[in-house]
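A short write-up of the structure that comes next.
Number of protein chains: 2
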Amino acid sequence: MNSTNIELDITKAASSKIDQVDFDNLQFGKVNADHMMYCDYKDGEWQTPKIVPYGPMEFEPSAKVFHYGQAVFEGMKAFKDENDEVWLFRPDQNFERINKSSKRMAIPEFPKDYFFESLKTLLELDKDWVKKGEGNSLYLRPFVIATENGVSASESDEYRFMIITCPAQAYYNKPIKVIFAQEYSRAADGGVGYAKAAGNYGAQFYPTKLAKAKGLDQIIWTDASSHEYLEEAGTMNIFFRVGDKLLTAPTNDRILDGVTRKSIIQLAKDNGVEVVVEKVSVKEIVNAAKKGELKEIFGAGTAATVVRVDGFEYDGTYHDLPTINEPYGTFFKKALQDIQYNRVEDPHGWTMKAF
Amino acid sequence: MNSTNIELDITKAASSKIDQVDFDNLQFGKVNADHMMYCDYKDGEWQTPKIVPYGPMEFEPSAKVFHYGQAVFEGMKAFKDENDEVWLFRPDQNFERINKSSKRMAIPEFPKDYFFESLKTLLELDKDWVKKGEGNSLYLRPFVIATENGVSASESDEYRFMIITCPAQAYYNKPIKVIFAQEYSRAADGGVGYAKAAGNYGAQFYPTKLAKAKGLDQIIWTDASSHEYLEEAGTMNIFFRVGDKLLTAPTNDRILDGVTRKSIIQLAKDNGVEVVVEKVSVKEIVNAAKKGELKEIFGAGTAATVVRVDGFEYDGTYHDLPTINEPYGTFFKKALQDIQYNRVEDPHGWTMKAF
Ligand SMILES: Cc1ncc(COP(=O)(O)O)c(C=O)c1O
Ligand SMILES: Cc1ncc(COP(=O)(O)O)c(C=O)c1O
């Protein structure tokens, strides 16, 4: 990354907790590396970012984030290659997206140099937390929360931008079963679905719990008005392979514009796979499944990378997907990871050395 | 309230901050009374509620509330009558509603006796913070936040239920100008609009900011699919008077089932005002305004009580509302407050002595 003139305020941890961590048995998001970054917005500007040991912080119970969900986040990963170099994957996309999310949530945008300088410093300090090996990464969670104290329902005039990090292994290690939403919805037209706004996620927990009680792992959300079009999963965009074509919904104001999604669309083009980015109707997918033309469904997102779906429920009927040779999902997962772990050439300039 | 067998764990403030407060110039939600209640959910159950001095608390940056907006709240008021007795208005409704909100947000429901015993204890301890006089009250803010540490997008297994309180004067002291939503939306069908879920509020700040930049105070939300029906405002339900009829939208899964709204519907019936609880179309209201038949619009909610709207913008045109004699809004506001301040008989048993 380019060096900048900004100076962070750094307090190093007195000792590392790394020896207490069992890196072979990590529960996603549960363990934090030694350091975190926080940067407060007050009096109309972002103050100096601070790097401090990860740990609890004080908040007043009247802080707006607790009452009004004025909060956004991002999810990124750092990967270590065989030469112990640490890489980020398309971090510019996450930077742009957090500010797009912030804008929709009436949160002031964060300066680019603060973002990149903070990532760089954190990753250099905690480089031992980035483990080599397939599926291993350091998950990075930038987020912004409204910190003004006061329970009136209007935007905060104080915020805290933070980055916390968690060592991660592969997120889902087996194929998942999904259900196409017919009753509940994730986002409204004219709403905040395209933003990584905190409340979009909490709102999915209950319907997902109902799905889990039926033995299904996740919901594929449909448009809220008609439930006729397949949009995305809770933390993944979604691809359907019908025959040899790959279908995925276009982005709109309900759908998160995923970095993994757009990378797979590019990789498909690079590799001669026909991608159709058009509304995907439930009817078309159910019919394709019935006729045996639906070859694959897979989810794509930073946390999960690529996850195979092995069946879906719709209208009370469960449809199994076939086991096929050389699935696209496996191909794209490997193609992505080859770039992420710096094992192949990176023709699109997606990776960035962390420090 | 009935006494129960539960024992709260009480730590009183060493001294009161009440003398530092200018009760004639309160900014809504900015000042907190001396005490607050919190109660943690862990190992599958709600622990003993604790009453402690109001103040900051420690949270880990990975607490789920910061990332996924898994949080709900309520808004209630305590009123003091001329004999220094403190009254709550339909608190059973708020208790039921917070649990309804919690259910939708996959948060465990809170026990009734804990809720009422906590309110009673808090109000008795902080009774001096409930001021007599028109418009004065102690605003009560029960809320629940997800406190499990860990950034995986699934429901928390730990929560904190809290009640904080703020002395309040009248919320809006002048009529407001509104705009009927045509682009942005508040809630999806099948979403969480009917819950007092934190994220519903943060999502409104940006569109409201845009409205304010045009000189308007609030947005009247319409249905997300067609923008043809008027639903509610950001923190108020909404009534329209056409001729002598009072119209308001029926509740559905996008609209908060307001206590003030249902009380006004009852008071209208009690007083021979015809109330039509049916979908209210934008077209019908705009036409009524053009013909001079739209006599009033008012918002109704706990924080604001009843607020007169003096005009609305729709499709780029601003429609002024007439100034009329004996508006319904004024009548219902007084009728409600007479009951809330225990100045008249309470035929429906809406008020409850606080302690
Ligand atoms: C709702 C939603 N859809 C899709 C994605 C995938 O996006 P990305 O590939 O940028 O991680 C995510 C999250 O990360 C998400 O939260
Ligand atoms: C979205 C919304 N609508 C309406 C209301 C009015 O409800 P109540 O009269 O119960 O306060 C509120 C809030 O309090 C609200 O948040």
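As given, the protein sequences belong to chains A and B, one line each in that order. Okay, so the first sequence: first residue is -15 according to the working numbering, each after it adds one. Okay, so the second sequence: first residue is -15 according to the working numbering, each after it adds one. Built from N, CA and C at the ideal position, the CB exists for glycine as well.
- Remark: three or more beta-carbon pairs, one from each stretch, lie closer than 8 Å, so the region 284 to 300 of chain A and the region 315 to 326 of chain A are flagged as touching.
- Contact between Gln324/B and Phe73/B holds: CB atoms are separated by about 5 Å, below the 8 Å threshold.
- Comparing alpha carbon positions, the residue from Glu42/B, Val49/B, Asp112/B closest to Ala17/B is Asp112/B.
- When C-beta atoms of the region 148 to 167 of chain A are compared with those of the region 190 to 210 of chain A, three or more pairs fall below 8 Å, so the two segments count as touching.
- With respect to chain B, the C-beta atom of Ser138/A has a partner C-beta closer than 8 Å.
- Cβ-Cβ separation between Leu214/A and Val266/A: approximately 6 Å, consistent with a contact (criterion under 8 Å).
- Annotation for Met220/A: Gly283, Ala284, Gly285, Ala288 place their beta carbon closer than 6 Å to its own, counting only its chain and skipping 5 residues before and after.
- Of Leu103/A, Ala233/A, Leu251/A, Ser138/A, the smallest CA-CA separation from Ala182/B is found for Ser138/A.
- Straight through space, the alpha carbons of Gly59/B and Arg125/B are spaced by roughly 5 Å.
- Judged by DSSP in its simplified three-state form, Gly285/B adopts strand.
- Scanning its chain for C-beta atoms nearer than 7 Å, with the 5 sequence neighbours on each side dropped, one finds around Ala273/A the residues His303, in chain order.
- Under the three-state reduction of DSSP output, Lys96/A falls in the helix class.
- Put simply, the region 173 to 190 of chain B touches the region 78 to 91 of chain A. At least three CB pairs are less than 8 Å apart.
- Interface annotation, His19/A: not in contact with chain B, CB-CB separation never under 8 Å.
- Below the 8 Å Cβ cutoff, chain A contributes no neighbours of Asp201/B, its closest Cβ being approximately 11 Å away.
- Inclusion of Asn221/A in the 7 Å shell around ligand 1 follows from its C-beta lying nearer than that to a non-hydrogen atom of the ligand.
- Residues of chain B with a Cβ closer than 8 Å to the Cβ of Ile129/A are, in chain order, Phe50.
- Gln202/B sits in a strand when the DSSP states are folded into three classes.
- The C-alpha of Arg238/A lies about 14 Å from the C-alpha of Gly174/B.
- By the Cβ criterion, the region 19 to 37 of chain A is not in contact with the region 32 to 39 of chain B, since fewer than three pairs of Cβ atoms, one from each stretch, lie closer than 8 Å.
- In terms of side-chain proximity, the C-beta atom of Val243/A is found nearer than 7 Å to a non-hydrogen atom of ligand 1.
- Note on geometry: alpha-carbon atoms of Asp241/A and Cys23/B lie some 39 Å from one another.
- Secondary structure note for Leu251/B: its alpha helix (DSSP H) is the uninterrupted segment 243 to 254.
- Against chain A, a Cβ distance below 7 Å from Ala172/B picks out Ser169, Ala171, Ala172, Gly175, Ala208.
- A distance criterion of 7 Å places the beta-carbon of Lys180/B in contact range of ligand 2, judged by its closest non-hydrogen atom.
- In this structure, Val135/B sits away from Val56/B, with a CB-CB distance that is not shorter than 8 Å.
- In the DSSP annotation of this structure, the continuous segment of the alpha helix (DSSP H) that includes Phe79/B starts and ends at 75 to 88.
- For Asn184/B, the three-state secondary structure derived from DSSP is helix.
- Setting aside the 5 residues that flank it on each side, Ala172/A is surrounded in the same chain by Ala208, each with a C-beta closer than 6 Å to its C-beta; the list follows chain order.
- Per DSSP, the unbroken beta strand (DSSP E) holding Phe224/A starts and ends at 221 to 226.
- DSSP lists no bridge partner for Val328/A.
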